[in-house]
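Residue numbers (our numbering): 889 to 1387. No residue lacks a Cβ here, since even glycine has one placed at the ideal position from N, Cα and C. Treat the numbers as computed from the prediction; the structure is a model and nothing was measured. Reviewing the structure listed below.
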Amino acid sequence: MDKKKSKLFQYCLVFVVFFAIEIIVEHSHLIESSVKDDLYFMSYFCNTGFLNAVFMHGYKFRPLATGMMWLVANISNGNIFIAGYFNLLFNCICAFFIYILSLRYLNINKWVSCFVSILYIVSHFSYYQITNQIGITETMATFFGICFIFSLVNYLQTSNNNIVAVLSMYFLCSMSHERYVALMPVIIIAVILAHANNKQERKKCVIEIFSILLVFAFIMVMFKLLVNNIMTGSGGTNVTETFSVKQQLYNLKRAISYLFFYNSQDTWLSMIGWNDYSQKAKLVVYSSWIAIAVIIIISIVELIRMENDKRKQSIAVIVVFILCIGATVAISSTTIRVELRWMYYPYLVAVLLLAYLSFITGNKTLLLIKKGCLYVYLLLACAFSCYCRRYYCNLYYWRTYNVANSLGELTFKEYGEEMYDKSWIVITKEVVDNTYDELLIQYDPYGKHTLDLQVVEQISDLYSIDDLNNKEILFYDEKKGKFINISEAIHGLGINYRD
889 MDKKKSKLFQ YCLVFVVFFA IEIIVEHSHL IESSVKDDLY FMSYFCNTGF LNAVFMHGYK
949 FRPLATGMMW LVANISNGNI FIAGYFNLLF NCICAFFIYI LSLRYLNINK WVSCFVSILY
1009 IVSHFSYYQI TNQIGITETM ATFFGICFIF SLVNYLQTSN NNIVAVLSMY FLCSMSHERY
1069 VALMPVIIIA VILAHANNKQ ERKKCVIEIF SILLVFAFIM VMFKLLVNNI MTGSGGTNVT
1129 ETFSVKQQLY NLKRAISYLF FYNSQDTWLS MIGWNDYSQK AKLVVYSSWI AIAVIIIISI
1189 VELIRMENDK RKQSIAVIVV FILCIGATVA ISSTTIRVEL RWMYYPYLVA VLLLAYLSFI
1249 TGNKTLLLIK KGCLYVYLLL ACAFSCYCRR YYCNLYYWRT YNVANSLGEL TFKEYGEEMY
1309 DKSWIVITKE VVDNTYDELL IQYDPYGKHT LDLQVVEQIS DLYSIDDLNN KEILFYDEKK
1369 GKFINISEAI HGLGINYRD
């Protein structure tokens, strides 16, 4: 009983530490507004029944993720500020499960498991999952993706392997994000590898492959029946119309380079391009490559020296990791572009593979070298992620996001629903992806209020507005990159309406 209490206390402590790190790292990125695709999600989920919202909207069928978004919207009562903390919580739960499952299935120590989880939290790939309501979709898919890869590892490592757990996780992944349907071939190859050396299990192998195809067919039928177009790609494009082999290969190259911290020059997607890295940042990246190379080379040597049965099992696990990375990278490359956030899951799997390789038993000296290189890599990866985070401002939605957040701080955050009892004037030349009316009305998801808002480009335009003393006036300071409430200053000037 004491051991159970001790373990429970340890898990609670680890979770608290992870959540504290999450808060420290992301405190300035908490959702305070929604922009672009996210803008009407809160209103939609607050005013639509669960079944209709989750199963009948017809755009993309992601019932687990959509269901969670519906729950968050209704639990928070449409309050975006509260909803933002759920994004942190879900990502922290992912990190916690990485810690627990890697300890159990990868035969690595607690410090490495903890470090890998922390890297997941601080990773620059996490930007979308934290700063967007729809980021919950990626988080849910990543969570079940984590469970999927570990269920596969367990399947390969146990003599009484059971395909049910693997198929369950595959189904849950696919119900969170359609991208993960691409993992089906990985399961088939894992089944073949698991039964390759046992002729007596050929019948079981055939039955399991048939089960995989059956689950895959069921998923595809659900997509066909409940989605308007299962080939919808990024930005509402149709993959059948935009796909080309040349573009696919180009996207694959870019996606793989992201995993090695070699960012493209399209900074609206990658934050900062390789050519713009500082010399120190490039040194960090080069050093991480060396650490990876050392781990891989030593692992190959140790695999060659292993006993035959153990080597086959280890190679099977390695192959499954690599295929899982390959499948998710390949499916992410089929649309018109590759976004950095899509590489979050394959990058995590790659880091877990490095951790697994670093603890393959063999020569003690070589084992120490691998462990040392792994710790070095994890430190360098954390450092690089922190470096990239400074360039979130280059992301395609970040300017609108910052403007909307600043607007939300001076309106809904300060006054709550009473903001709709006031008349507002916004002075700005800043052009954003949504109208300012849309950015402010989002805080009233149930449509109970009306918004009185005027947008002008400069202070001199105030002369044409009547009754200024009864209006709240917000001015966008381009240097500071935020809105300032200048109501008192304007009221003090005594500007009156002029014909």
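Item                                                                                                                              : Value
At least 3 beta-carbon pairs within less than 8 Å: the stretch 1076-1090 vs the stretch 1019-1032                                 : no
Burial state of residue 1065, where buried means 16 or more other Cβ atoms lie within 10 Å                                        : buried
Classification of residue 1094 by the beta-carbon crowding that lies within 10 angstroms, buried from 16 upward                   : exposed
Cβ-Cβ distance between residue 923 and residue 1197 below 9 Å                                                                     : no
Residues of its chain near residue 1173, where Cβ-Cβ distance is below 6 Å and the 5 sequence neighbours each way are ignored     : 1149
Beta-carbon contacts of residue 896 that lie in its chain and below 7 Å, excluding the five residues immediately before and after : none
Distance between residue 1037 and residue 933 (C-alpha atoms, nearest Å)                                                          : 31 Å
Contact under 9 Å by Cβ, residue 1369 with residue 1290                                                                           : yes
Residue 1255 beta carbon less than 9 Å from that of residue 990                                                                   : no
Three or more C-beta pairs below 8 Å linking the stretch 1330-1350 and the stretch 1298-1318                                      : yes
Supposed close pair residue 957, residue 929 - CB separation, criterion 8 Å                                                       : 7 Å
Nearest-angstrom Cα separation, counted from residue 1261 out to residue 1182                                                     : 7 Å
Counted within 10 angstroms of its Cβ, other Cβ atoms place residue 921 as buried (16 or more) or exposed                         : buried
Segments assigned beta strand (DSSP E), at least 3 residues, entirely inside the stretch 1171-1244                                : none
Local conformation of residue 1360 per DSSP, three classes                                                                        : strand
Minimum length 4: unbroken alpha helix (DSSP H) runs contained in the stretch 1031-1107                                           : 1051-1064, 1072-1083
Beta carbon of residue 1053 nearer than 9 Å to that of residue 1043                                                               : yes
Close beta carbons around residue 1100, own chain, < 6 Å, minus the five adjacent residues each side                              : 1075, 1076
Identity of the residues DSSP links to residue 938 by a beta bridge                                                               : Residue 938 pairs with nothing; no bridge assigned.
Counted within 10 angstroms of its Cβ, other Cβ atoms place residue 1230 as buried (16 or more) or exposed                        : buried
Stretch pair the stretch 1278-1286 + the stretch 1078-1091: three plus CB contacts closer than 8 Å                                : no
Minimum length 3: unbroken beta strand (DSSP E) runs contained in the stretch 1289-1375                                           : 1311-1315, 1340-1344, 1359-1365, 1370-1373
Alpha-carbon to alpha-carbon, residue 1325 and residue 964                                                                        : 22 Å
CB of residue 984 within 9 Å of CB of residue 1014, strictly                                                                      : no
Residue of 936, 951, 1333, 911 minimising C-alpha distance to residue 1110                                                        : 951
Pick from 1070, 1363, 1367 that is closest to residue 1221, judged by C-alpha positions                                           : 1070
Test item: CB-CB of residue 918 and residue 955 under 9 Å                                                                         : no
For residue 1017, the first and last residue of its enclosing alpha helix (DSSP H)                                                : 1015-1019
Reference residue 907, options 936, 938, 1008, 931, closest by Cα                                                                 : 1008
Pair within 9 Å by beta-carbon distance, residue 1059 and residue 1127                                                            : no
Range covered by the alpha helix (DSSP H) that runs through residue 975                                                           : 968-993
Alpha-carbon spacing of residue 1113 relative to residue 1016, whole angstroms                                                    : 29 Å
Rounded C-alpha distance that separates residue 1264 from residue 909                                                             : 20 Å
Same chain, Cβ closer than 7 Å to residue 1294, five either side skipped, listed in chain order                                   : 1370, 1371
For residue 1237 and residue 900, the rounded distance between their alpha carbons                                                : 25 Å
Cβ pair residue 995, residue 1335 closer than 9 Å                                                                                 : no
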